[in-house]
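Protein chains in written order, with the numbering used here: chain A, -19 to 314; chain B, 13 to 315; chain C, 717 to 1055.
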Amino acid sequence: MPAALLDIDHVSKRFVKRPNLGEQIAGLLGAGRKTEIVRAVSDVSLTVAKGEVVGLVGESGCGKSTLGRMVAGIYTPSDGKILFGNAPVAKEQGRRTHKLTTRVQMIHQDPFASLNPRIRIGDTVSEGPVAHNIVKAREADSYVADLLGRVGLDPSYRRRFPHQFSGGQRQRIAIARALAMKPDLLVLDEPVASLDVSIQAQVLNLFMDLRSDLDLTGIFISHDLGVVRHVSDRVAIMYLGRIVELAPTAELYAKPNHPYTRALFESVPRVGVGRKNFRPIAGEIPSPLNPPSGCHFHPRCPFAGPRCKREAPPLEAIGPGRFSACHLNTGGTD
Amino acid sequence: MSSSPALTLPAETSWTRLSNFWSDFRQSPVAVAALIVVVVVVLMAVLAPLVAPQDPYNQEALDLFDARLEPGEVGSGGYVHWLGTDAAGRDIFSAILYGLRTSLIVGVMAGTLALILGTTVGLVAAYYGGRIEALIMRIIDLQLSLPAILLALVLVALLGQGLMQLVAALVAAQYAYFARTTHGAASAERRKDYIEAALSTPLPARHVLFRHLLPNALPPLIVVATVQVANSIALEATLSFLGLGLPITQPSLGSLISNGFQFLLSGRYWISIYPGIALMLTVVAINLVGDQVRNVLNPRRSR
Amino acid sequence: MNEVVLRVKNLQTQFQTRAGALKAVDGVSFEVGRGRILGLVGESGSGKSVTGYSILGLVEPPGRIAGGEVLLNGKDITRLKGDAMRQVRGAQIAMVFQDPMMTLNPVLKIGTQMIAAVRAHARVSRRAARSRARDALAKVGIPSPEERLEAYPHQLSGGMRQRVAIAIALLHSPAVIIADEPTTALDVSIQGQILAEVRRLADETGTAFVWVTHDLAVVSSLADDICVMYAGRVVESGPAADVIGSPRHPYTAGLLASVPAEHEPGTKLPQVPGSTPSLANLPPGCAFAPRCAKAGPACTTTPPLQQFEGGRTALCHYPIEPVSCQPLSLTSTTYRSAS
Ligand SMILES: Nc1ncnc2c1ncn2[C@@H]1O[C@H](COP(=O)(O)OP(=O)(O)OP(=O)(O)O)[C@@H](O)[C@H]1O
Ligand SMILES: Nc1ncnc2c1ncn2[C@@H]1O[C@H](COP(=O)(O)OP(=O)(O)O)[C@@H](O)[C@H]1O
Ligand code: SF4
Ligand code: SF4
Ligand SMILES: [Mg+2]
Ligand SMILES: [Mg+2]
């Protein structure tokens, strides 16, 4: 295996929600909220090799974005470390996170929110590289024109404001802004989820072109199994803060191992012919405030046994390059 | 990449935005009338030395024989005192023009300085968060729970009389409104993805603060600013009326009202009432304009 | 033949804007039979929601219904005003929104709200209303409905809230429920549960659904019939399986072809070029023409509504020939579990 570009090493992230003054007072009277801890990501390890795209799949609130934000240096992990080329991506300073590298860039889900409405798109793309001396200020204009062309936008649009563009065009601008920093690693957080169906294909094609042209490495977050299958080399399935299965894409889709992965695949409606009988997963998604004991999936799992309530199954190798976190693979659930 | 993006919208320039703003603003005839009043008031104040028949600052031009003339009488200067004169023989109309000038200067200066101070405080609180934010916002809340007039009274009493002291007191009494508004708007913006994108680029902190956060937190401030100019004028008038503001030798609307107050009961209403009307007109007009600006800028109402 | 409960005829809804009248819905027609589910698909801004709002008389100024009819059990309801409309709405036709909090009041218990909803249209005792509310919750698959009646909306998950909203819509066994992207904000596993539940409800209760969504996968697994909308018009309609299996309109075909799940991973996806047009600035003739691979000389004029056998229509000058056997790529089950 080629050397890892990104090393996510036993990373956890907890968000502590302290009650505010009013709630503290209510708490004294026995009514308010107590300090709540959200375990958004718990003990996740993953390495990404140079040139590889890893898909991150899971339902909302399972910690995909939180993990992505830690990789992009927006949050620092509560435990564990994230190394990019052997150095941490960010450090904590006081209460603020300081990003230490410009070579990891992120693309957000909603291109209507991720561009500053009051800044011309040319400036949006150029301000990062100018601030970091990637280009000189007087060369910024041609640099921007070049990038816009690259993402399929007419360079003459660079003096326009974001509201003059459609969703797909804005997502291209966001991609141009990320590329302007000459990144090695892109974190794409549901980059096509908010786009129209006919535009999704355009942006996915753009991503695949850029990936091969620029030799990009990527973490591709999505809840859309079809999209992830199309762009990723490997896929990690997350459930309630943990990776439950990790495998090369083709093998995962051909033969999912973890009960959650299997249930997820069956519950997703697909464009097929006729009223297909998909089988929904029973039960609610538990709250990350108060996850079930042992295997987080046990209240919904058709194979759950007493061991599943007691012990959390570790993510273990079940074949070359394949990992799964289920007791069924390691001696049963009793 | 093979797609040829077709932009359907015409390029929106600041000019078209302005003209859209105006066409929305125009929807309310009251607001348009108020705007006309504001413009006239400002013009008269600016052009006071040209428009006013008399310079009320110039003690030598005053003639005690002209004291307390009724509106419409002709004084020793040979011109009609349309709004009468006061006890020192000052032409009330001229005094109002000069008074407006002082009031507007105080109002705009206090408003602007309070805006700058308040915005900075609010932005810093929203950007840094955590304990800094909690501390600043507690102070602001505390201050907002006190009546502004009380705070201004105490400050003027401490600082002494004079234009600058007055402005300082007004700023101290009013920056909190700006700080709270900025803080609210900026904390809402702070959570948006484009700030996160700026932080993850990463852009330098001052860049994020002043190029990204501030411009987006600005629209609600424009409204607060207009209203606070009106409030400053009213506050200054109140202080002057109470004798803590500006001396009558440097008349503002408030000191004019105060100056005539003692004559009110003896039937010489004009010395007090006309400056009062001018004050009310100005304050109400500015507030009406501010309200309409808010309506137009509020995205839920417009379009 | 199935009894038609809702028939929309040539519906026109316009919004007055600075740029002139915006035709958000421009001559939409369709019908839904008892117990059937009609999927109204289209991209953002194509007029799906406005169609739904128009049917229920919920369009507010500057919007107005400029023409057409909405026949509910044969009676035109577009001309009903105020109280008369409120009598129909909730009792004979109901709406479910993407955000269930549009229906639910955050400060009232679920039970209180549901009892009020029952008694708005039926003269029954509180007790009877309560048991009806409980039955409705059970019907949409909510576990321990008695307890849920005592809960406040914020104590429920998003999926539960949406179920409650559907239960409220079902209270008076309306003829039709209009559902505007009710599962878009939900997770796939929860969406799956609700879709299965809705399918069962339509079959069992005979309530018809108009299911508004942008998700082709959802309509193809849920709906009996499909209407595809583009720029305010229905460009293609017909039985769901037929439309998905062999689209006749170039736009539908383009959409279906660009779904990644149906292609070899890593390959370039067929894409519809360009972007969705602004309603304020539509091209003359066929609105899809600038993006259409099949566009020809006639396409600068308004395309005709072509009727095909099997109850299918397409609004197009050059409709695609039907495919006799279903294309392999569309039936592939590559990522179904091996079990
Ligand atoms: N209040 C309004 N004033 C002006 N135009 C409106 C208004 N409401 C909707 N429109 C316009 O009508 C058109 C159709 O909107 P509609 O909400 O029905 O789209 P939709 O198909 O439901 O899209 P989405 O998938 O985004 O919900 C859009 O172009 C929209 O901009
Ligand atoms: N800044 C934050 N403060 C508190 N909780 C958060 C924060 N960000 C995320 N969370 C919580 O962490 C969990 C995982 O969130 P996220 O990573 O956004 O999920 P996903 O992207 O998979 O939908 C959720 O329960 C979410 O509410
Ligand atoms: S560990 Fe047990 S509960 Fe968890 S997925 Fe495996 S069988 Fe199911
Ligand atoms: S009418 Fe012409 S442009 Fe429109 S969809 Fe048909 S072929 Fe394409
Ligand atoms: Mg997310
Ligand atoms: Mg809609």
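All C-beta atoms, glycine included, are put in the ideal place defined by N, C-alpha and C.
This structure is a prediction, so every number in the text was calculated from the model and none was measured.
Legend entry - Secondary structure, beta strand (DSSP E): runs of 3+ residues fully inside the region 907 to 989 of chain C: DSSP runs (the beta strand (DSSP E)) wholly in the region 907 to 989 of chain C: 924 to 929, 941 to 946, 949 to 955.
Legend entry - Among A/D169, A/P294, A/T313, A/M86, the one whose alpha carbon lies nearest that of A/G202: Checking the sequence shown, residue 202 of chain A turns out to be Ser, not Gly. Measuring from the Cα of A/S202, the nearest candidate turns out to be A/D169.
Inset, instruction - Find the nearest neighbour of A/I261 within the set C/V904, C/T1016, C/V880, judged by alpha-carbon distance. - result: Comparing Cα-Cα distances from A/I261 to each of C/V904, C/T1016, C/V880, the minimum goes to C/V904.
Inset, instruction - Let me know the secondary structure DSSP gives C/N726 once reduced to three states. - result: Residue state for C/N726 is assigned as strand, using DSSP reduced to three classes.
Inset, instruction - With hydrogens ignored, establish whether the beta-carbon of C/D851 is closer than 7 Å to any heavy atom of ligand 6. - result: No, Cβ of C/D851 sits at least 7 Å from all heavy atoms of ligand 6.
Inset, instruction - Going by DSSP, name the residue or residues bridged to C/K739. - result: Looking at the DSSP output, C/K739 bridges to C/Q730.
Inset, instruction - Say whether chain C places a C-beta atom closer than 8 Å to the C-beta of A/M(-19). - result: Low confidence applies to A/M(-19): its pLDDT is 49, below 50, so where it sits in the model is not reliable, and the reading given next is rough at best. Any Cβ of chain C closer than 8 Å to the Cβ of A/M(-19) would place that residue at the interface, and such an atom is absent.
Legend entry - Listed by chain order, chain A residues near C/Q909 by CB distance under 7 Å: Result: P260.
Inset, instruction - Give a yes or no on whether the C-beta atoms belonging to B/I48 and B/A290 are separated by under 8 Å. - result: Their beta carbons are not under 8 Å apart, which means B/I48 does not touch B/A290 by this criterion.
Legend entry - Below-8 Å beta-carbon distance, A/R98 vs any chain B residue: It does: the Cβ of A/R98 has a partner Cβ on chain B nearer than 8 Å.
Legend entry - Any chain A beta carbon closer than 8 Å to C/H837: No, C/H837 does not count as interfacial toward chain A.
Inset, instruction - Say yes only if the C-beta of A/P236 is nearer than 7 Å to one or more non-hydrogen atoms of ligand 3, and no if none qualify. - result: Checking every heavy atom of ligand 3 against the Cβ of A/P236, none is found closer than 7 Å.
Inset, instruction - Sort B/V118, B/A191, B/L167, B/L125 by Cα distance to B/R150 and report the nearest one. - result: Check the Cα spacing between B/R150 and each of B/V118, B/A191, B/L167, B/L125: the tightest is with B/A191.
Legend entry - Contact belief for B/G302 with B/T238 at Cβ below 8 Å, rounded distance in angstroms: The Cβ separation is near 4 Å, so the contact holds.
Legend entry - Any C-beta of chain A under 8 Å from that of B/G142: B/G142 belongs to the set of residues whose beta carbon lies under 8 Å from a beta carbon in chain A.
Inset, instruction - Take C/F813 and list the residues in its own chain whose beta-carbon comes closer than 6 Å to its own, dropping the five residues that flank it on each side. - result: If we look at C/F813 and ignore the five residues flanking it on each side, its Cβ neighbours are D896.
Inset, instruction - Specify, as a first and last residue, the run of the beta strand (DSSP E) that A/T27 falls within. - result: Here the beta strand (DSSP E) through A/T27 covers 16 to 29.
Inset, instruction - Give the straight-line distance between the Cα atoms of A/G198 and A/A160, rounded to the nearest whole angstrom. - result: Going by the C-alpha atoms only, they are around 16 Å apart.
Inset, instruction - Report the option in B/W282, B/N299, B/N307 whose CA atom is closest to the CA atom of B/L95. - result: Comparing Cα-Cα distances from B/L95 to each of B/W282, B/N299, B/N307, the minimum goes to B/W282.
Inset, instruction - Select from A/L196, A/Y233, A/G147, A/R222 the residue whose C-alpha is nearest the C-alpha of A/D204. - result: Checked all of A/L196, A/Y233, A/G147, A/R222; the closest Cα to A/D204 is A/Y233.
Inset, instruction - Give the range of the beta strand (DSSP E) segment to which C/M811 is assigned. - result: Per DSSP, C/M811 belongs to the beta strand (DSSP E) from 809 to 812.
Inset, instruction - Could you run through the region 210 to 244 of chain B and flag, in chain order, every residue whose CB is less than 8 Å away from some CB of chain A? - result: Of all residues in the region 210 to 244 of chain B, A210, L211, S212, T213, P214, L215, P216, H219, R223, H224, P227, N228 have a Cβ within less than 8 Å of some Cβ in chain A.
Legend entry - Whole-angstrom distance between C/T1029 and C/Q1022, CA atom to CA atom: Answer to the nearest angstrom: the Cα atoms are 5 Å apart.
Legend entry - Ranges of the alpha helix (DSSP H) found wholly within the region 264 to 308 of chain B, counting only runs of at least 4: Within the region 264 to 308 of chain B, the complete alpha helix (DSSP H) runs of at least 4 residues are 265 to 273.
Legend entry - Segments of 3+ residues assigned as beta strand (DSSP E) that fall wholly inside the region 997 to 1027 of chain C: Taking only runs of at least 3 residues, the beta strand (DSSP E) segments lying wholly in the region 997 to 1027 of chain C are 1021 to 1024.
Inset, instruction - Since I believe A/G301 is in contact with A/P228 (beta carbons under 8 Å), could you give me their beta-carbon distance rounded to a whole number of angstroms? - result: Right, their Cβ atoms sit about 5 Å apart.
Legend entry - Pair within 8 Å by beta-carbon distance, C/A833 and C/L887: Yes.
Inset, instruction - Can you give me the start and stop residues for the alpha helix (DSSP H) that B/G255 sits inside? - result: Segment: none, B/G255 is in no alpha helix (DSSP H) and carries neither H nor E.
Legend entry - Which listed residue (C/D931, C/R916, C/C1002) has its alpha carbon closest to that of C/A901: Minimum Cα distance to C/A901 is reached at C/D931.
Legend entry - Where A/R250 meets chain C, residues with beta-carbon distance less than 8 Å: Result: A933, S936, S937, A977.
Legend entry - Residue-level contact to chain C via CB, A/V110, 8 Å cutoff: Not an interface residue.
Inset, instruction - Go ahead and label A/H66 buried or exposed: buried means 16 or more other beta carbons lie within 10 angstroms of its beta carbon, across all protein chains shown. - result: The residue asked about is misnamed: residue 66 of chain A is Asn in this sequence, not His. It is exposed - the Cβ of A/N66 has fewer than 16 other Cβ atoms within 10 Å.
Inset, instruction - Please list the segments of the beta strand (DSSP E) lying wholly inside the region 164 to 245 of chain A, counting only runs of 3 or more residues, in order along the chain. - result: Counting only runs of 3 or more, we get 165 to 169, 197 to 202, 214 to 219, 222 to 228.
Legend entry - Cβ-Cβ separation, C/S841 to C/T992 (assumed contact under 8 Å), whole Å: The C-beta separation of C/T992 from C/S841 comes to about 52 Å, leaving the pair out of contact by the 8 Å criterion.
Legend entry - Spatial distance of B/I269 from B/F275 (CA atoms): The C-alpha of B/I269 lies about 10 Å from the C-alpha of B/F275.
Inset, instruction - Could you check the C-alpha separation between B/I148 and B/Q186 for me, to the nearest Å? - result: Taking the straight line joining both Cα atoms gives about 15 Å.
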